[in-house]
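Notes follow once the structure below has been shown.
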Amino acid sequence: MYYLATISDEVRIPPSRFNEKLEDVAFDSLKSTYEGLVIKGLGIIVAILQVKVSPEGKIIPGDGATYHKVRFDALIYSPVEGEVIEG
138 MYYLATISDE VRIPPSRFNE KLEDVAFDSL KSTYEGLVIK GLGIIVAILQ
188 VKVSPEGKII PGDGATYHKV RFDALIYSPV EGEVIEG
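Under the working numbering, the final residue of the sequence shown carries the number 224; numbering is consecutive throughout.
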């Protein structure tokens, strides 16, 4: 069964990408981190759909990147017992 879930996390924006839109950089980072990930009790994350990024970030000493809180919608597949899957 497929369903949507809203997940919160923190994303790192490297200095080399400060000139790009915050949402685009966060989307790329979340996509590479989460898509294809299997989370026990949740299922496999098939796709990241929508990302909302806090415009206020924090800087950690010794790291030039900014860290922003994000909330994103993920399409998740979680097979249920008795479900037939063709592949």
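Glycine is no exception: its CB is placed at the ideal position from the N, C-alpha and C atoms.
Shortest alpha-carbon distance to residue i belongs to which of the options?
i      : options                           : result
Lys168 : Leu179, Lys177 and Ala184         : Ala184
Ser166 : Leu179, Leu212, Asp146 and Ile176 : Asp146
Gly194 : Tyr204, Asp161, Gln187 and Glu218 : Tyr204
Val190 : Phe155, Glu160 and Leu179         : Glu160
Arg208 : Ile222, Gln187 and Pro216         : Gln187
Pro192 : Glu220, Thr170 and Lys158         : Lys158
Met138 : Gly224, Ser215 and Gly219         : Ser215
What did DSSP end up calling residue i once you bin it into helix, strand or coil?
i      : result
Asp146 : strand
Ala163 : helix
Lys189 : strand
Lys158 : coil
Lys168 : helix
Cutting at 8 angstroms between CB atoms, please list the residues of its own chain near residue i, excluding the five before and the five after it.
i      : result
Ala202 : Arg149, Ile150, Pro151, Pro152 and Ile196
Glu172 : Ile182, Val183, Ala184 and Ile185
Please return the same chain residues whose Cβ sits closer than 6 angstroms to the Cβ of residue i, not counting the five positions on each side in sequence.
i      : result
Ala211 : Ala142, Ile144, Ile182 and Ile185
Val175 : Ile181
Using 8 angstroms for Cβ pairs, my map puts residue i next to residue j. What's the rounded Cβ distance?
i      : j      : result
Tyr140 : Ile222 : With 8 angstroms as the limit, Tyr140 and Ile222 do not qualify as a contact, their Cβ atoms being about 16 angstroms apart.
Can you list, in chain order, the residues of its chain with a C-beta nearer than 7 angstroms to that of residue i? Leave out the 5 residues immediately preceding and following it.
i      : result
Phe164 : Ile185 and Val188
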